[in-house]
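J.: Below: one structure in structure tokens.
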Amino acid sequence: MHDDPLRQIFYHSRSTGRADLGAIMASSKRNNGIDGITGVLFHDGQSYLQVLEGPASSVATTYDRICADPRHTDITVISDQVIEDRDFAYWSMELRETGAPSDDATWRLRRRLERFSPDLHHYFFDGGGSPDAHRAHDRDGQGDEQQR
């Protein structure tokens, strides 16, 4: 029996413009398969939304690696919690981009974002607002997100 609980981190970050999504996805799928991480990465050309889930220690290591990656900036944790079941159990890492047809992974991401950050949900899925509204909300002490 493994004592490491399941952890899920949901974060938003800005792209620094140096993203090679093919390379990111190839290394993510390889590393995540080894580490027992599942999740989804949503990219709109300027920002990322990502859910990472798996053994708590593996999620922490993966998230720390992401925070050190120069392709991301302004990383903000939307949700960080212990979970009983994975939301994205079938994907070692799945990529979704703006304008792609909705599917189960997109629906799960939308539902999670709507729950934790209506401003970001509006920006990514309703075509309005700005991710900065979410950050301003957080800086005013109104949100429960953590920025790194």
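13 is the number of the first residue of the sequence shown in the numbering used here; add one for each residue after it.
For every residue, glycine included, the Cβ atom is placed at its ideal position computed from N, Cα and C.
#1: If the criterion is Cβ atoms closer than 9 angstroms, does the pair residue 23 and residue 89 meet it?
#2: Answer with buried or exposed for residue 102, where buried requires no fewer than 16 other C-beta atoms within 10 angstroms of its C-beta.
#3: Please classify residue 172: does DSSP put it in a helix, a strand, or coil?
#4: Identify whether residue 51 lies in helix, strand or coil by the three-state DSSP scheme.
#5: Grouping DSSP H, G and I as helix and E and B as strand, with all else coil, what is residue 102?
#6: Around the C-beta of residue 66, are 16 or more other C-beta atoms found within 10 angstroms, so that it is buried, or is it exposed?
#7: Can you give the beta carbon distance from residue 83 to residue 27, rounded, assuming they're within the 8 angstroms contact cut?
#8: Can you tell me whether residue 21 is buried or exposed? The criterion is at least 16 other CB atoms within 10 Å of its CB, across all chains shown.
#9: Could you check where the beta strand (DSSP E) with residue 26 kicks off and where it finishes?
#10: Using a threshold of 9 angstroms, state whether the C-beta atoms of residue 63 and residue 45 are closer than that.
#11: Taking C-alpha atoms, which residue in 15, 25, 16 lies nearest to residue 86?
#12: What residues are listed by DSSP as bridge partners for residue 66?
#13: When the distance is taken between beta carbons, is residue 19 closer than 9 angstroms to residue 68?
#14: Can you grab the Cα-Cα spacing for the pair residue 130 / residue 35, in whole Å?
#15: Please determine, among 81, 37, 56, 49, the residue with the shortest C-alpha to C-alpha distance to residue 16.
#16: Kindly identify the DSSP beta-bridge partner or partners of residue 61.
T.: Looking at the coordinates:
#1: yes
#2: exposed
#3: For the chain, the structure presents residues 13 to 160; residue 172 sits outside this window and is missing.
#4: strand
#5: coil
#6: buried
#7: Yes, residue 83 and residue 27 are in contact; Cβ-Cβ is about 7 angstroms, under 8 angstroms.
#8: buried
#9: Per DSSP, residue 26 is one residue of the beta strand (DSSP E) stretching across 18 to 27.
#10: no
#11: 25
#12: 19
#13: A Cβ-Cβ contact shorter than 9 angstroms links residue 68 with residue 19.
#14: 31 angstroms
#15: 49
#16: 24, 54
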